[in-house]
Every structure is written in structure tokens, then in C-alpha cells.
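Here is the structure we will look at, set down as C-alpha cells.
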Amino acid sequence: MRENVDFRFAGIEEVERLGFGVEENARRLHRFAYVEQRLMFIAAGHLLSTPEWEAKFLLGRHLYEDAEHHQTLRTRIGELRRSEHSVDNPPDPALATLMDQALRAENTVELLTGIYRVLKPALVAAYRAHSQRINPLVDYPTGRALRLVLPEEEEHVALGQHYLETLLIGDAERSCADAWAEHLNAYLTAAGGLSGDAPRPLASELPPARGDGQPWVMPQTSGRDARFRVSVPKPPTIHVPDRGDPVREGLEQMMWVRFHEMSPAETVAAIMTLQKDRPWDFYRDLARHCWDEVRHAAFGQAALQAEGIDITSNPNWIGFATMCLSELNPIQAYTHLTVAIEQAAMKYPPGKRQEYEFCRDKAQHPLMALYQDYDWADEVIHSHFGQEWIIRREYGGDRKAAIAAGEATMDKRIGFMAQFSTDGTIPDPFAKRRSTPDKGSASGY
Ligand SMILES: [Fe+2]
Ligand SMILES: [Fe+2]
Ligand SMILES: [Fe+2]
């Protein structure tokens, strides 16, 4: 049988291309992996304070995908005669300065300009160039990694630029975006581009860095745009008009509870930002966790809107993040979320399973049943995050001690929420746990 040249090497072509050697390849991939990771942290650092509701969804989705992009590159770098942990060191101080500057965005226009007009387009260009220069046979795993990452990154740029355009409503916004893009592009050039091989101008040619060398401080207020009223206590945020049908009212309340998961999502983003020096896997898990909670808020919004309910008719809940940032340190906040609430919601009844069964059997609402089915599945994952990052890592596997710590966070929460009482009762769904600690709650966070 003769060789079929069209199908040699499983369709891999240009096998004689002289691509990057192992070391040069790893050096470049390290820079891209670093930028992906910093992009995740930039989005996480701003998710809480960014007011525009739609921007929160965008940041939540992209921070998760950037975490996965980092992971994909990280795994490959670990195969290139480097340790995977070497990836945690910044590859180039000039690249670190660029990312530090992008983090210092002072409004949403600057934030999105940095991410979608400067950094991500540079990343897309660098990925394309890298793909074209590697040898597709010897460096097959890198080629495949980039084929997975690149289309998502292109989608980020398209979606992000399209959304940013909607915020550039006047000359002031346009010149703000242009000035910030110019500022960051100067720092990108100073780093020799993302790949680091372009000529670098003198440092004296750089515009003054924002921030005076001081560490960036995460803004700690929950941003909401002008459409929304806000509330720290939860009850006013889930108010449902009397419909003469308790099942229907319970269903609608559940939609609101899902919708208000933006506040726990923002809290996870804040924990990722404020808790330093944890292993990469911690941040990767929390990026997933954050995006899941953002998605749960989307479940609620989609369900409410499918019923023709105006999502601004109740105040928007900011109480979860407000309480956590006021009363708890980041690890305590994650203990509160994962151990005191999410692990407790695994109990049946009530818990996540009961919520799903209520939608399926009592309310017979197929869309909410579907949402709750996946919400429950996601919560199983979150409860495992609590097992790993709190019970195992913080408490050496001592489950009882972790649960006691979770109860202590609940006491702090109830104490904090008591200040918003108008009639002596504590406006918090968990207040009743003081008398019946085993009951948990099927009402969310
Ligand atoms: Fe990415
Ligand atoms: Fe959730
Ligand atoms: Fe959750």
C-alpha cells in the first residue's frame, strides 16, 4: 500500500516549520499565562463596585474563563521542563506594571477599555502570532491549547467592545476611554508587547504611573446603577404581592432569591481579591464559584422576566457583601458562605433538593425546575469547595471546629442585621436559626 500524503500525521501540516524551542516557548507562554491570571484578578477586584448590572455579568463570566485560560497555559508550561509553580512568579516587572495600571481603572469605562480595548486584543494578537510560529507537530499540545483559548478570547473582545460602546454616550466618555487606552498602550509598549520581544522605549518616555507606587485598594461598596434601589436587609428584596396562591407566591420568592445572588457572587470576587497568598487552585475554584453565583442571579432574572416581572420592582440586595465586608475577614466570609450556608443547604429536607422538588411538583414550573436542578448541582460543587478550602485547609479536617466557626459567622451576621430592625424582629432569613439551629434554610444566602 502506498503512503497517502494527504493524511500523513493525522492531518498535521508544516511539520518542518522551525518553531520556538522549548525554553523560548515556555518564556512566552509564561507571559500570556500571567496576563490571563491578572485579567481574572482585575475583573474580580472590580466586580463588587462596578455599578452597571450588565457589566457585572460580563466580568463574572470572563473572570471564570480567564482562570481556565490561565490553567490551560499553566498545564502546558508545566510540560515544558518548568515547574507549574514557576508560573506564579511575574515573568517581567514591566508586564506587572502594565497590569497594575489596568487594575487602577477609576470607572467602568476605564475598566472595560483596559480589558477589552487594550489587554485582550493584545492577547488575541499574541495567541495568533504564537500559533503561527510554533511547529505544529513537535509543539502539538501548545497548538491545541491555543485553539481552545483563542476563540473564547476573541469572543471576549467582541462582546466587551460592543458593550463598552454602549457606555460611550458622549464626548466625555469617549475621551476618557481614549486617554486611558493611550496610557495603557504606553505601558504595553514599555513591556515590549505581550510577548516581550518588541523594542522597548526608555522608561522616561512613559506617562506618569497612576497610584504613586501605593498598593491598590479595592473599593468596598456594592455598586448598583440608577435603575436599582438597594437594601441591606433581605426581606424587602423578596417582597411578592398577595396573589391568593401561596405556591405561586413561594415560587416568585424563589425567583427573587436567585436574582439576589449577585451579592454572594460579589463577595466571592472580594474574597479572591482580599485573601492573598493562597495556592492557585484556591483562586481558580473561587473564580468558578463566583461565576456560578452570577449565573444563579441570571437564573432569577430570566425567570422573573419570563413572567413579565420588573426586576427593579423590589430593591436589589447588597446585604451579603455588606455584612461580610463589615463583619468578617475573607476566610471567615468564605466559611460563612460555604460551611454555614452551602453545606447546610445539602440537608434534605429542606435544602436545595426541596427547592427543586417544589418547582417540579408543587409549582409545576418547568423553567424554574430546570434552573433549580442545576442550581442544586452547582451548590454540591460549592459545598466541596468549603470542604477543601475551609474544613481541610483551615481546620485540618476538623469538621466540628469548622461548623462552629460557621455558626460564629452566623451570629455576627444576625447581630449585624439587627441594626436594620424597625420592629424588634431581625430582618434576616437566618435569624430563626438561633432558636432552631438544625433547620438551615431553603431561602438561599
Ligand atoms: Fe482569557
Ligand atoms: Fe447560588
Ligand atoms: Fe453557591
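In my numbering, the protein residues as written are 4 to 448. No residue lacks a Cβ here, since even glycine has one placed at the ideal position from N, Cα and C.
Check, Outcome
"On the CB-based measure, 16 or more other CB atoms within 10 Å of its CB, does glycine 24 come out buried or exposed?", "exposed"
"Might you give, ordered along the chain, the residues of its own chain that have their beta carbon closer than 7 Å to the beta carbon of alanine 372, omitting 5 neighbours on each side?", "Tyr359, Cys362, Arg363"
"Going by DSSP, what residue range makes up the alpha helix (DSSP H) through cysteine 293?", "283-309"
"Rounded to whole angstroms, what's the CA-CA distance from arginine 281 to tyrosine 143? Just pull it up for me.", "32 Å"
"Taking proline 178 as the reference, which of Glu113, Glu55, Ile393, Glu17 has the closest Cα?", "For clarity, residue 178 is serine in the given sequence; the question names proline instead. Closest by alpha carbon: Glu113."
"Taking the beta carbon of methionine 413 as the centre, do at least 16 other beta carbons fall within 10 Å, making it buried, or is it exposed?", "buried"
"By the 10 Å Cβ neighbour count, where 16 or more other Cβ atoms means buried, how is phenylalanine 10 classified, buried or exposed?", "exposed"
"Using only CA atoms, which one of Asp181, Ala421, Gly311, Glu269 lies nearest to leucine 53?", "The displayed chain sequence assigns threonine, not leucine, to residue 53. Residue Glu269 is the option with its Cα nearest to threonine 53."
"Please name the residue or residues paired with serine 234 in a DSSP beta bridge.", "Trp320"
"Please specify which runs of the alpha helix (DSSP H), each continuous and at least 4 residues long, are wholly inside the stretch 154-214, giving them in chain order.", "174-193"
"For glutamate 255, which residues from the same chain have a beta carbon less than 6 Å from its beta carbon, with the 5 sequence-adjacent residues on both sides left out?", "Val243"
"Where do the ends of the alpha helix (DSSP H) carrying histidine 263 lie?", "Run containing histidine 263: none; DSSP gives neither H nor E here."
"Note down the Cα distance separating leucine 328 from glycine 354, rounded to an integer number of angstroms.", "26 Å"
"Taking Cβ to Cβ, would you say glycine 447 is nearer than 9 Å to glutamine 346?", "no"
"Here's a check: name, in chain order, each residue in its chain whose Cβ is nearer than 6 Å to the Cβ of aspartate 441, leaving out the five neighbours to either side.", "Note on aspartate 441: pLDDT 45, under 50, position unreliable in the model; the coordinate value appears next. Hits under 6 Å: none found."
"Checking 9 Å against the spacing of the C-beta atoms, do methionine 420 and proline 236 come in under that value?", "yes"
"Are the C-beta of valine 8 and some C-beta of chain C separated by less than 9 Å?", "Of the chains in the structure shown, none is chain C; there is only one protein chain."
"Anyone know if the C-beta pair for isoleucine 321 and arginine 227 falls short of 9 Å?", "yes"
"Return helix, strand or coil for proline 218, following the three-state DSSP convention.", "coil"
"Roughly how many angstroms lie between the CA atoms of arginine 416 and glutamine 278, to the nearest whole one?", "20 Å"
"For leucine 76, name the three-state secondary structure that DSSP assigns.", "helix"
"Under a three-way DSSP split, which group does histidine 133 fall into?", "helix"
"Short of 7 Å in beta carbon distance, which residues of its chain neighbour leucine 76, apart from the five on each side in sequence? Order them along the chain.", "Leu32, Phe35, Ala36, Glu39, Ala148"
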